[in-house]
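**Q**
Number of protein chains: 2
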Amino acid sequence: MTGHNFSSKREAIFKKIASTKSHPSAKWVYEELKDEIPNLSLGTVYRNIALFKEQGRVITVANVNGEERIDADTSDHAHFVCECCNSVYDLISSEQSPLEKQLVQNGFEIKRKNVVFYGICKKCSTN
Amino acid sequence: MTGHNFSSKREAIFKKIASTKSHPSAKWVYEELKDEIPNLSLGTVYRNIALFKEQGRVITVANVNGEERIDADTSDHAHFVCECCNSVYDLISSEQSPLEKQLVQNGFEIKRKNVVFYGICKKCSTN
DNA sequence: ACAGAAAACAGGAATGATTACTGTTTTTAA
DNA sequence: TTAAAAACAGTAATCATTCCTGTTTTCTGT
Numbered sequence: 006m007t008g009h010n011f012s013s014k015r016e017a018i019f020k021k022i023a024s025t026k027s028h029p030s031a032k033w034v035y036e037e038l039k040d041e042i043p044n045l046s047l048g049t050v051y052r053n054i055a056l057f058k059e060q061g062r063v064i065t066v067a068n069v070n071g072e073e074r075i076d077a078d079t080s081d082h083a084h085f086v087c088e089c090c091n092s093v094y095d096l097i098s099s100e101q102s103p104l105e106k107q108l109v110q111n112g113f114e115i116k117r118k119n120v121v122f123y124g125i126c127k128k129c130s131t132n
Numbered sequence: 006m007t008g009h010n011f012s013s014k015r016e017a018i019f020k021k022i023a024s025t026k027s028h029p030s031a032k033w034v035y036e037e038l039k040d041e042i043p044n045l046s047l048g049t050v051y052r053n054i055a056l057f058k059e060q061g062r063v064i065t066v067a068n069v070n071g072e073e074r075i076d077a078d079t080s081d082h083a084h085f086v087c088e089c090c091n092s093v094y095d096l097i098s099s100e101q102s103p104l105e106k107q108l109v110q111n112g113f114e115i116k117r118k119n120v121v122f123y124g125i126c127k128k129c130s131t132n
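Take a look at the structure:
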């Protein structure tokens with residue numbers, strides 16, 4: 006398997022993702038890092054995000070305006086996407102679902118769940 | 006506003022979407038219809054799906070392998086996406102969420118929610 | 001029913017996120 | 001240190017979706 010080697014860029018990419026609560030896109034990560042890491046390439050960011058996902062260190066939160074938004078907080082929690090400012094908010098407690106038990110009883114294997122609310126956030130509605 | 010006029014193609018597209026429980030992609034709808042509707046164009050399918058979404062007659066269910074999957078059943082229900090066969094299943098009862106009340110109390114306006122489970126369906130795991 | 005006007009459409013080009021490819025650089029492991 | 005393996009930069013390719021332009025359908029008032 007790939008991804009067992011150390012790589013300074015890989016570490017920098019993960020740290021950047023883990024350092025923010027903005028639920029960034031690949032492009033955001035690239036833009037943030039390209040100054041401090043000369044000749045970083047966007048492909049490297051994508052490749053490493055794909056690896057982090059395989060490793061379970063990063064999850065996909067939502068697709069906002071065609072861009073995939075990710076999160077290094079892999080704990081069970083839901084999200085709110087503001088359709089006005091495109092912010093993604095964390096929602097602390099995820100609902101405990103009777104659906105999950107039902108699925109497992111019917112022979113479905115759940116690998117992950119994704120709960121997203123869409124709407125207008127407080128900041129946008131009061132401006 | 007657009008979309009108030011009758012259009013035979015528009016009606017055919019909506020009926021096709023509403024006739025299936027497969028949670029189709031735009032391309033699937035196009036492939037299904039192109040034989041019975043000569044010179045239907047994929048752009049027309051996309052344009053009308055966008056309109057149906059504005060009108061609230063169709064919802065986005067999930068993005069599966071880069072393709073947006075839609076549903077003409079706009080009632081409140083969750084979905085299961087099989088990562089093996091890419092089938093999308095309906096889950097009858099959607100969970101009632103304490104998060105929703107919490108969001109509204111904090112000034113967030115919820116327009117829609119999206120609950121998706123990802124995993125391996127029974128059919129795939131027994132084959 | 002008929003004539004503009006408005007809305008939809010076909011077909012193809014453009015966009016933009018993501019992935020693939022190739023030659024070079026880093027990292028590993030002995 | 002050194003050769004093999006893994007990562008990488010840079011760029012080209014892919015592919016879903018959107019945009020554009022000239023044509024066709026639909027609508028509305030007569």
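Sequences listed follow chains B and Y, in order.
Residue numbers 6 to 132, in this note's numbering, belong to the letters of the first sequence in order.
Residue numbers 6 to 132, in this note's numbering, belong to the letters of the second sequence in order.
Glycine included, C-beta positions come from ideal geometry on N, C-alpha and C.
Here's the rule: buried if 16 or more other CB atoms are within 10 angstroms of the residue's CB, otherwise exposed. What is B/K20?
**A** Within the first sequence, numbered from 1, the residue matching residue 20 of chain B stands at position 15. Classification of B/K20: exposed, given that the 10 Å Cβ count is below 16.
**Q** List the residues of chain Y whose Cβ lies closer than 7 Å to the Cβ of B/A83, in chain order.
**A** By 1-based counting over the first sequence, the position of residue 83 of chain B is 78. By Cβ distance, chain Y contributes L104.
**Q** Contact defined as beta carbons within less than 8 Å: I believe Y/M125 pairs with B/E114. What is the distance between those atoms, to the nearest angstrom?
**A** Against the second sequence, residue 125 of chain Y aligns to sequence position 120. Against the first sequence, residue 114 of chain B aligns to sequence position 109. The identity of residue 125 of chain Y in the sequence shown is Ile, whereas the question assumes Met. That pair is a contact at about 4 Å.
**Q** How many Å lie between Y/D78 and Y/S27 at the Cα?
**A** Taking the second sequence and counting its residues from 1, the one referred to as residue 78 of chain Y is at position 73. Taking the second sequence and counting its residues from 1, the one referred to as residue 27 of chain Y is at position 22. About 11 Å.
**Q** Do you know whose CA, among Y/N111, Y/C89, Y/L104, lies nearest Y/T131's CA?
**A** Taking the second sequence and counting its residues from 1, the one referred to as residue 131 of chain Y is at position 126. That would be Y/C89, whose Cα lies nearest to the Cα of Y/T131.
**Q** So Y/N91 and Y/V69 are in contact, right, with Cβ under 8 Å, and what is the actual spacing, rounded?
**A** Walking along the second sequence from the start, residue 91 of chain Y turns up at place 86. Walking along the second sequence from the start, residue 69 of chain Y turns up at place 64. Right, their Cβ atoms sit about 5 Å apart.
**Q** For a cutoff of 8 Å on Cβ pairs, would you count Y/Y123 as touching chain B?
**A** The count along the second sequence starts at 1 and reaches residue 123 of chain Y at position 118. Closer than 8 Å to some Cβ of chain B, the Cβ of Y/Y123 qualifies, so yes.
**Q** Can you tell me the Cα-Cα spacing of B/S12 and B/N53, whole angstroms?
**A** To locate residue 12 of chain B, count along the first sequence from 1; it is residue 7. To locate residue 53 of chain B, count along the first sequence from 1; it is residue 48. When rounded, the distance between both Cα atoms is 10 Å.
**Q** Quick test of your reading: Y/V93 and Y/Y123, contact by CB under 8 Å. State the CB separation rounded to the nearest angstrom.
**A** In the second sequence, counting from the first residue as 1, residue 93 of chain Y sits at position 88. In the second sequence, counting from the first residue as 1, residue 123 of chain Y sits at position 118. Wrong, their Cβ atoms sit about 10 Å apart, outside the cutoff.
**Q** For the segment 58-86 of chain Y, which residues have a beta carbon sitting closer than 7 Å to at least one beta carbon of chain B?
**A** Answer in chain order: N68, A83, F85.
**Q** Buried or exposed: which applies to B/T25, given that a residue is buried once 16 or more other Cβ atoms fall within 10 Å of its Cβ?
**A** Reading the first sequence from its first residue, position 20 is the one you call residue 25 of chain B. B/T25 should be labelled exposed.
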